[in-house]
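Okay, structure first, notes after.
There are 2 protein chains.
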Amino acid sequence: MSKLSLYPVTLDGSSVDEKRREIKNYFNNTNTLYEKVFEVLKDDSVFYEKSEITRHPMIFYFGHTATFFINKLINMKIIDKRINPDFESIFAVGVDEMDWDDLNGANYIWPKVSEVRAYREKVKELVEELIERLPLTLPIREDSPMWIILMGIEHERIHIETSLVLHRQMPLNRVKSISEFNVCKNSATAPKNEMLNIAKASICLGKDINHNLYGWDNEYGVYKEELEDFKVSKYLVSNSEYMAFVNNNGYKNLDYWDEEGQKFLKITNATHPSFWVMVDGVYKYRTLTSLIDMPEDWPVDVNALEAEAFCRYKSKKDATTYQLPSESEYRAIYNEALLEDLPAFHESRANLNFYHYASSCPVNEFSFNGIYDVVGNVWQWSRSAIHGFEGFKVHEAYDDFSTPTFDEKHSLIVGSSWASSGNLIMKYSRYAFRKHFYQNAGFRYVISNAKQEKKEDIYESDELVSQYCEFQYGETHFGVENFAIECAKIASKFAKNKTKALDLGCATGRATYELAKSFQSVEGIDFSVRFVQVGAKLKSDGYIAFHTKEEGELLVQKRVTLEDLEYENLKERVSFWQGDACNLKANFHSYDLILATNLIDRLYNPKLFLESVVDRLNSDGVLIITSPYTWQESSTKKELWLGGYKDENGKEVKTIESLKTVFKGKFELIHLQDLAFVIKETRRKYQHTISEVSVWRKI
Amino acid sequence: MSKLSLYPVTLDGSSVDEKRREIKNYFNNTNTLYEKVFEVLKDDSVFYEKSEITRHPMIFYFGHTATFFINKLINMKIIDKRINPDFESIFAVGVDEMDWDDLNGANYIWPKVSEVRAYREKVKELVEELIERLPLTLPIREDSPMWIILMGIEHERIHIETSLVLHRQMPLNRVKSISEFNVCKNSATAPKNEMLNIAKASICLGKDINHNLYGWDNEYGVYKEELEDFKVSKYLVSNSEYMAFVNNNGYKNLDYWDEEGQKFLKITNATHPSFWVMVDGVYKYRTLTSLIDMPEDWPVDVNALEAEAFCRYKSKKDATTYQLPSESEYRAIYNEALLEDLPAFHESRANLNFYHYASSCPVNEFSFNGIYDVVGNVWQWSRSAIHGFEGFKVHEAYDDFSTPTFDEKHSLIVGSSWASSGNLIMKYSRYAFRKHFYQNAGFRYVISNAKQEKKEDIYESDELVSQYCEFQYGETHFGVENFAIECAKIASKFAKNKTKALDLGCATGRATYELAKSFQSVEGIDFSVRFVQVGAKLKSDGYIAFHTKEEGELLVQKRVTLEDLEYENLKERVSFWQGDACNLKANFHSYDLILATNLIDRLYNPKLFLESVVDRLNSDGVLIITSPYTWQESSTKKELWLGGYKDENGKEVKTIESLKTVFKGKFELIHLQDLAFVIKETRRKYQHTISEVSVWRKI
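As given, the protein sequences belong to chains E and A, one line each in that order.
Numbered by the numbering used here, the letters in the first sequence go through residues 1 to 699 in order.
Numbered by the numbering used here, the letters in the second sequence go through residues 1 to 699 in order.
Take a look at the structure:
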């Protein structure tokens with residue numbers, strides 16, 4: 001075993017105590033390795049710099065993996081005390097460059113590195129204690145509290161890899177080499193690439209729910225495909241092979257680039273791969289912390305757009321069609337290579353898990369039945385956009401891990417790299433990035449008849465989100481008016497000033513837009529990115545598309561545009577953010593109105609929200625709460641319900657009375673009414689609910 | 001280990017193969033032992049006799065435990081082919097003497113013993129094969145298919161015990177002794193009973209959901225009680241001790257008997273315990289297959305009413321208050337006895353699991369820390385009526401195992417007997433019988449200050465059943481009329497003849513009563529006894545009581561009587577039965593009307609129902625189907641849906657079209673309309689659904 005990185009723990013076993021020890025070792029190893037990655041930064045000042053303008057400074061990532069544990073544990077009601085609410089909001093979101101990630105530096109006062117280090121230590125102690133004492137039966141399953149610990153660990157493993165990419169993108173004078181991360185010394189002339197035959201095969205993708213290794217939600221389910229014979233390149237494309245493309249005017253000839261690729265060229269002015277550096281007319285090669293002579297036989301690091309451009313260039317040159325392999329074709333290659341999954345696969349056989357190098361190595365160093373680097377060295381871009389397999393179900397603890405990437409814009413990378421470990425090096429893992437992103441990724445090519453399907457409108461695949469789209473943007477039933485519109489009307493009637501409003505628990509965002517008819521600026525916040533992305537998509541793409549269920553599995557497709565809604569002039573007034581109503585980031589303040597629709601009975605700590613909401617409002621600001629008070633233990637622990645129970649004296653406690661008590665001296669109740677809403681489940685089945693609307697003016 | 005009966009298998013373990021072997025051995029041992037119990041019957045003709053007028057003949061029980069496997073496996077969609085639909089309906093229900101159990105012999109043509117034996121063999125082969133091949137991960141949990149196998153095994157273990165009681169009640173010339181069931185030879189003068197102190201204690205009942213032995217649904221959950229000091233009899237009450245009561249006019253003096261006890265005396269004319277037989281002026285004692293001299297030091301076998309009468313007699317004599325122990329007091333006794341649960345407890349330490357005898361034995365033979373027969377020998381009646389513990393949840397595969405007994409009429413028996421094995425001898429098992437039932441049961445008494453609480457109205461504790469009570473008997477909402485009444489009106493309008501109607505899927509029975517306004521006789525059938533018992537209770541007790549949810553856990557109690565509903569003159573026209581619409585017993589036929597409300601999309605095989613329903617109707621008979629067509633895989637495997645999917649050509653299949661196709665040549669569609677219904681979940685949350693009502697006349 002490599003001394004740097006342990007293999008992940010299996011979910012089954014015969015001894016619970018032994019399993020706790022294994023998890024603890026694996027957690028500590030992950031934590032140590034992650035902190036090691038930050039030793040590459042020259043000094044503390046570098047933590048406040050960005051290597052990519054579209055990303056947070058390094059300090060964010062340093063704190064992020066620790067706060068992830070706490071936020072998930074709170075969310076799943078495994079713990080009920082935060083360690084540092086402030087850290088746990090500012091380090092919470094902004095990993096991917098999504099519309100709803102707040103990356104505006106002005107909104108953050110970053111803490112000191114030493115403070116974050118101390119915080120990480122506290123989280124470590126808590127997690128170690130939880131590993132000791134959480135209920136545990138084997139095998140560990142998705143609904144086990146220990147699954148959340150494994151999720152935190154594997155999440156940190158991902159950031160070990162992605163942080164190394166960010167650090168590799170830092171200026172050389174901002175990083176330093178450390179002894180544990182040694183660069184490969186082997187390099188020679190690149191071997192000539194050639195095409196190998198892969199026989200036709202029935203491919204079945206997807207991991208069994210009872211598999212004995214941790215998996216992210218996108219890995220489970222089933223997908224079957226029949227493949228014809230195809231050919232694959234023996235080696236990854238080397239720097240040398242790619243150089244021919246660069247030298248042949250590759251980055252100038254727009255025929256090689258599709259629309260997205262041309263946009264990439266325009267924005268970046270790229271003329272060669274990102275980790276090539278021209279010094280005195282010669283390309284040098286950037287490793288994690290150094291610049292070395294071009295290793296011609298190492299794989300080229302490119303993004304998907306560059307890889308596709310190379311394929312178009314080579315297709316033209318050879319008068320045949322090369323393309324990136326699909327996800328299924330990659331599996332056929334994997335099978336042909338006679339590879340085994342962890343833990344049977346020994347890490348010494350490939351350039352991964354930090355076993356050999358902290359860099360790439362020659363493309364002809366690791367062979368698997370004659371095909372090289374099928375796993376390890378660098379990730380390989382596929383031509384497949386990521387989707388959920390049949391039977392896909394989001395994991396409730398991390399419902400935005402996958403679904404925001406099911407947008408036809410995220411391409412799968414396969415095979416893992418020298419910086420991959422944990423789930424990243426498992427057979428069934430599935431990671432996808434936008435095509436212009438850099439990872440430790442290169443590519444190989446195939447000649448195959450299979451075409452890449454390109455979808456037109458992207459329909460919501462998420463049933464619950466579709467149901468809410470129909471609820472907010474669809475038809476009305478039983479004569480009950482659209483709830484979002486009615487709420488916005490009430491807000492408009494009672495709010496005095498109309499500068500800035502907050503739609504908290506905005507779901508798919510309809511009320512956010514409706515509020516923008518009377519408020520100059522409206523922010524929509526929801527806990528779930530699955531919902532937030534709908535309002536954001538309407539703004540950015542000008543439409544949303546979803547299904548409504550008619551009977552059984554029969555669906556009707558619906559498409560709603562900004563024009564249909566007459567929102568063209570409102571879209572600049574709205575913005576959408578992911579956020580936790582019980583631990584809202586400090587920059588959400590100074591509202592004239594806060595609308596909290598059907599929110600309070602879904603919060604893990606509603607009182608925390610009620611006590612803090614007053615500070616977010618301007619004087620004379622108005623708070624509107626709507627709720628059917630459907631308290632349930634799956635959302636809120638019973639001891640934190642605001643109503644719907646009997647107190648110690650046997651007296652019935654109703655929610656509206658608790659609101660009055662909590663708001664005493666802070667708010668005055670100025671209006672109370674019922675307001676019905678109807679949510680369609682099928683053409684014949686509806687939820688018909690009567691919210692109570694209470695309107696409160698800040699005293 | 002005893003050679004006759006194996007200990008139950010644990011749910012955990014490290015080897016799946018080894019676990020399959022253990023389960024197979026345990027299944028085969030159970031099956032063999034059960035068939036052994038029937039060897040006690042003298043010849044095949046005895047299989048068609050009853051030992052109790054209120055019960056089925058023996059052949060029913062012989063077939064019942066085998067059909068149980070098939071019915072549960074079908075119901076849980078683990079298998080989809082029946083072995084013998086006829087056997088699987090006639091051997092399905094009628095174990096307990098419930099209102100809804102059909103015990104009318106005229107409704108059955110019992111098969112030959114050899115046919116049932118051959119059937120049992122087929123079931124055995126199938127179960128053995130399933131044990132080999134069903135998916136299995138350890139530990140086995142409630143939602144594992146293997147749980148259903150264990151359920152079938154433990155169900156047969158119960159019938160081993162109860163069949164032995166029935167056989168013991170057979171005339172002596174109808175039974176024969178067999179070598180494996182040996183009667184205890186020890187007997188002497190009974191020891192004088194005395195009272196032992198049990199110190200006050202905090203008792204916590206209820207089994208953890210992760211316990212490593214199989215449990216019935218009623219065992220799980222939590223119940224806590226603080227007990228004061230109390231005293232308990234050292235021995236079970238012996239035949240000798242009980243004799244004093246009999247000789248002191250015990251069965252004549254009505255002061256010793258409560259209302260239910262007096263009713264028992266009146267019906268049975270009992271003057272002594274059932275297994276005492278007066279021969280030439282002397283009491284002899286009936287064992288399983290023989291009559292022996294009265295073993296004075298063996299425990300007396302009595303029902304709960306007799307045990308209570310004895311306590312009243314002894315209380316008067318000693319001028320103190322004796323009563324039966326409560327469930328919690330029994331646990332305190334169990335703890336004081338320093339007992340361990342299986343498998344640590346060795347069966348040689350008590351008279352159970354057929355280890356020593358196939359009969360009782362002296363009350364001073366097995367001591368546990370000075371208290372005798374805390375487990376084993378005979379069951380001991382408690383004074384506690386059985387209820388679900390906090391957190392009780394019915395197991396979906398056997399939803400009428402427990403809830404019909406939560407009626408204040410079923411008393412817990414504790415401690416197990418010589419004929420107990422499997423779950424029956426586990427610490428956490430809970431079995432309850434009506435007080436006049438005979439089991440291998442006696443009693444011990446306590447002196448304690450704790451009182452037995454007697455409840456007045458029995459409110460439905462089952463949330464779903466309560467919801468349906470409110471739906472059928474409660475208020476209307478959103479201006480939508482009561483669905484059951486509207487359906488009955490439509491039925492009355494379209495049916496030509498009005499002699500006999502069937503309300504199939506009757507739920508809590510409202511439409512059954514409403515149909516009785518126009519039909520002379522109406523049968524209500526539901527798959528779930530949880531529902532059937534509501535209509536039956538309204539008929540027998542004249543009222544039903546249930547809760548409706550207002551907010552969170554706050555409830556409103558409701559009570560509805562026959563008078564309120566003006567059903568006093570209708571109740572003789574209705575009857576309620578448990579039944580499976582996909583495998584209805586042959587005696588349900590000759591209807592002028594069949595009403596199937598919101599049924600077809602909840603059946604495991606709707607087509608089977610549609611194809612057979614025509615034969616149940618008289619010529620010109622009318623079938624009414626109402627359904628919102630809410631197809632879901634949890635009720636019906638997708639390949640058996642009648643609609644709501646796309647066929648192999650991509651064409652949408654709607655349910656109404658499938659109905660027309662299936663009914664072609666059998667029925668004519670004479671009316672089609674929508675009919676809404678509203679089900680209240682809380683004061684603010686409702687299901688609002690639009691059924692399609694199709695009315696079909698038999699051609």
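We put the beta carbon where it would ideally sit given N, CA and C, even for glycine.
Roughly how far, in whole angstroms, is the beta-carbon of PHE546(E) from the beta-carbon of GLU460(E), given that I think they are within contact range, below 8 Å? 4 Å
Taking one C-beta from the region 217-229 of chain A and one from the region 75-88 of chain A each time, how about it: are there three or more such pairs within less than 8 Å? no
Supposed contact pair VAL480(E) and VAL678(E) - C-beta distance, whole angstroms, cut 8 Å: 5 Å
Label LYS200(A) either buried or exposed according to how many other C-beta atoms from any shown protein chain fall within 10 Å of its C-beta, with 16 as the threshold for buried. exposed
If you measure beta-carbon to beta-carbon, which residues of the region 550-565 of chain A are closer than 9 Å to chain E? GLU550, GLU551, GLY552, GLU553, LEU554
Give a yes or no on whether 9 Å exceeds the smallest Cβ distance from ASP407(A) to chain E. no
So if I threshold CB-CB distances at 9 Å, which residues from the region 16-44 of chain A count as touching chain E? none
Which whole-angstrom value is the C-beta distance of PRO8(A) and GLY422(A), which I expect to be below 8 Å? 5 Å
Quick one: grab the DSSP three-state call for ASP592(E). strand
Less than 9 Å separating the beta-carbons of TYR355(E) and SER5(E)? yes
At a CB-CB cut-off below 9 Å, which residues of chain A make contact with ILE690(E)? ARG683, ARG684, LYS685, TYR686
Measure how close the beta-carbons of SER187(A) and PRO273(A) come, nearest whole angstrom, since I'm counting them as under 8 Å. About 17 Å; that fails the 8 Å criterion.
Near GLN687(A), what residues of its chain come up, given a Cβ to Cβ distance below 6 Å and the 5 sequence neighbours on each side ignored? ILE679
Can you check DSSP and say which residues form a bridge with ASP674(E)? GLU692(E)
Measuring alpha carbon to alpha carbon, tell me which of LYS263(A), TYR34(A), ASP301(A), GLN169(A) ends up nearest SER240(A). ASP301(A)
Please report whether the beta-carbon of PRO8(A) lies at a distance below 9 Å from any beta-carbon of chain E. no
DSSP state of GLY524(E) mapped onto helix, strand, coil: strand
Beta-carbon neighbours of GLY644(E), restricted to chain A and to distances below 7 Å: GLU551, GLY552, GLU553, LEU554
Count the other C-beta atoms from every protein chain shown that fall within 10 angstroms of the C-beta of MET170(A), then say buried if there are 16 or more, exposed otherwise. buried
Against chain A, with Cβ distances strictly below 9 Å, would TRP631(E) count as a contact? yes
ALA432(E) lies in the alpha helix (DSSP H); which residues open and close that run? Taken as a continuous stretch (DSSP letters only), ALA432(E) belongs to no alpha helix (DSSP H), being part of the beta strand (DSSP E) at 431-434.
Between ASP700(E) and chain A, is the shortest Cβ-Cβ distance under 9 Å, so that the two count as touching? The structure shown has nothing for residue 700(E), since chain E only spans 1 to 699.
Where do the ends of the alpha helix (DSSP H) carrying TYR357(E) lie? Segment: none, TYR357(E) is in no alpha helix (DSSP H) and carries neither H nor E.
Which residues of the region 476-489 of chain A have a Cβ closer than 9 Å to any Cβ of chain E? Give them in chain order. HIS477, PHE478
For GLU648(A), would you say it is in contact with chain E, using Cβ-to-Cβ distances shorter than 9 Å as the test? no
Enumerate in chain order the residues of its own chain whose CB-to-CB distance from ILE670(A) is below 6 Å, with the five nearest sequence positions on each side excluded. VAL695, ARG697
Simplified DSSP state of THR54(A), which is helix, strand or coil: coil
Where does CYS506(E) fall in DSSP's three states? coil
Rounded Cβ spacing between VAL116(E) and GLY63(E) (contact assumed at less than 8 Å): 5 Å
Same chain, Cβ closer than 7 Å to GLY644(E), neighbours up to 5 away in sequence not counted: TYR629, TRP631, THR655
Report, in whole angstroms, the separation of the C-beta atoms of ARG20(A) and ILE131(A), which I expect to be a contact under 8 Å. 6 Å
Could one say the Cβ of ASP12(E) lies closer than 9 Å to chain A's Cβ atoms, at least one of them? yes
Please name the residue in GLU49(E), THR137(E), GLY388(E), ALA106(E) whose C-alpha comes closest to that of LEU11(A). THR137(E)
Given a threshold of 16 other Cβ atoms within 10 Å of its Cβ, counted over all protein chains shown, does VAL232(A) qualify as buried or as exposed? buried
Endpoints, beta strand (DSSP E) assigned at ASP293(E): 291-293
Is it right to say ALA319(A) is buried, meaning 16 or more other beta carbons lie within 10 angstroms of its own, or is it exposed? exposed
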